[in-house]
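**Q** So the mapping is simple: our numbering equals the position in the sequence shown, first residue as 1, plus 2.
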Amino acid sequence: MTIEMIAKAANNLKKKYGESDPFQLARDMKIILSLEPMGTYDGCCKGFFITHRRKKHITINCDLPDILQKVVLAHEIGHCVLHTSKASGATFHEVTLFDETDAQEYEANVFASELLLSDDAVLSVLNDDMFFFQAASTLYVPFELLDFKFRILKRRGYKIESPVISNGDFLKNLERDADKIFTDGQDCP
Numbered sequence: 003m004t005i006e007m008i009a010k011a012a013n014n015l016k017k018k019y020g021e022s023d024p025f026q027l028a029r030d031m032k033i034i035l036s037l038e039p040m041g042t043y044d045g046c047c048k049g050f051f052i053t054h055r056r057k058k059h060i061t062i063n064c065d066l067p068d069i070l071q072k073v074v075l076a077h078e079i080g081h082c083v084l085h086t087s088k089a090s091g092a093t094f095h096e097v098t099l100f101d102e103t104d105a106q107e108y109e110a111n112v113f114a115s116e117l118l119l120s121d122d123a124v125l126s127v128l129n130d131d132m133f134f135f136q137a138a139s140t141l142y143v144p145f146e147l148l149d150f151k152f153r154i155l156k157r158r159g160y161k162i163e164s165p166v167i168s169n170g171d172f173l174k175n176l177e178r179d180a181d182k183i184f185t186d187g188q189d190c191p
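Here it is as structure tokens:
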């Protein structure tokens, strides 16, 4: 699937529901959403999507800071929209969020970046002469997600370069460093 096709799917979803907040989208899409404590240790499960008897279910690790829960949920909605047929009837297996080596994970990352980051918001921050990492912080996203958005913007003809190439294991240490990056952590419900 191409970046353009994935971005179009995310934009069609935003247009259909008039919404880009993943928690509201999950409700509007009638996705069963569970927030479950799964720890913050290296390699903990961040979230997963399954389909059972045509019902879509996403589980998110509520031990993560709220801002990371939002990113993980956007990623899992990407799987829901792009990979529903592959999530039904299969046994659960954990995959690494933002794993660029797996095509489905790459596609879900592109989807999440398009869902959470509008072109105008990103370009506005960049036009304020912010550096890449400052822009990510200002937009309240991990810098790796901004890297995926840059890939979309480049396809749209913008002359921008990311100083990083996101890899599959960046979230392993993000839980430890999240308080330094984001100041939004709450307990599980």
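Ideal Cβ placement from N, Cα and C applies to all residues, glycine included.
This structure is a prediction, so every number in the text was calculated from the model and none was measured.
#1: Can you list the alpha helix (DSSP H) stretches of 4 or more residues lying completely in the stretch 59 to 86, in chain order?
#2: Mapping DSSP to helix, strand and coil, what is Ile-8?
#3: Sorted by chain position, which residues of the same chain lie with C-beta nearer than 6 Å to Ala-12's C-beta, five sequence neighbours on each side aside?
#4: Beta-carbon within less than 6 Å of Asp-149's beta-carbon, same chain only, minus the 5 sequence neighbours each way: which residues are those?
#5: Near Ile-154, what residues of its chain come up, given a Cβ to Cβ distance below 7 Å and the 5 sequence neighbours on each side ignored?
#6: Going by alpha carbons, who is nearest to Asp-30 out of Glu-21, Glu-78, Ser-36?
#7: For Glu-109 versus Leu-84, is the C-beta spacing smaller than 8 Å?
#8: What did DSSP end up calling Thr-42 once you bin it into helix, strand or coil?
#9: Would you decide whether Glu-146 is buried or exposed? Buried here means 16 or more other CB atoms lie within 10 Å of its CB.
#10: In three-state DSSP terms, what is Ile-162?
#11: For Lys-58, which residues from the same chain have a beta carbon less than 6 Å from its beta carbon, with the 5 sequence-adjacent residues on both sides left out?
#12: Mapping DSSP to helix, strand and coil, what is Lys-32?
#13: Using a Cβ-Cβ cut-off of 8 Å (strictly less than) and excluding sequence neighbours within five positions of Ala-138, which residues of its own chain qualify?
#14: Residues in the same chain with beta-carbon distance under 7 Å from Val-127, minus the five sequence neighbours each way, listed in chain order, please.
#15: At what residues does the beta strand (DSSP E) containing Phe-152 begin and finish?
#16: Under the rule that 16 or more other beta-carbon atoms within 10 Å means buried, what is Ile-162, buried or exposed?
#17: Provide the residue(s) that pair with Lys-57 in DSSP beta bridges, ordered along the chain.
#18: Could you spell out the range, first to last residue, of the alpha helix (DSSP H) harbouring Phe-113?
#19: What does DSSP give as the partner residue(s) for Leu-27 in the beta ladder?
#20: Compare the Cα-Cα distances from Gly-80 to each of Gly-159, Met-40, Tyr-160, Leu-15 and report the closest residue.
**A** The answer reads as follows:
#1: 68 to 84, all fully within the stretch 59 to 86.
#2: Residue state, collapsed to three classes: helix.
#3: Contacts found: Phe-113, Glu-116, Leu-117.
#4: Answer for Asp-149: Ser-164, Val-166, Ser-168, listed in chain order.
#5: Same-chain partners within the cutoff: Ile-5, Ala-9, Val-112, Ser-115, Glu-116.
#6: Checking every option, the nearest Cα to that of Asp-30 belongs to Glu-21.
#7: Yes. Within cutoff.
#8: It is coil, neither helix nor strand.
#9: Classification for Glu-146: buried.
#10: Secondary structure at Ile-162: coil, using DSSP grouped into helix, strand and coil.
#11: So the qualifying residues of the chain are Ile-33, Cys-82.
#12: In the structure shown, the three-state DSSP call for Lys-32 is coil.
#13: Taken in chain order, the residues that qualify are Pro-144, Phe-145, Leu-147, Leu-148.
#14: The beta carbon of Val-127 is closer than 7 Å to those of Ala-137, Thr-140, Leu-141 in its chain, skipping five residues each way along the sequence.
#15: DSSP places Phe-152 in no beta strand (DSSP E) but in the uninterrupted alpha helix (DSSP H) bounded by 145 to 157.
#16: Classification for Ile-162: exposed.
#17: DSSP output for Lys-57 lists His-54 as bridge partner(s).
#18: For Phe-113, the enclosing alpha helix (DSSP H) begins and ends at 105 to 118.
#19: Its beta-bridge partners do not exist; DSSP assigns none.
#20: The residue with the shortest Cα to Cα distance from Gly-80 is Leu-15.
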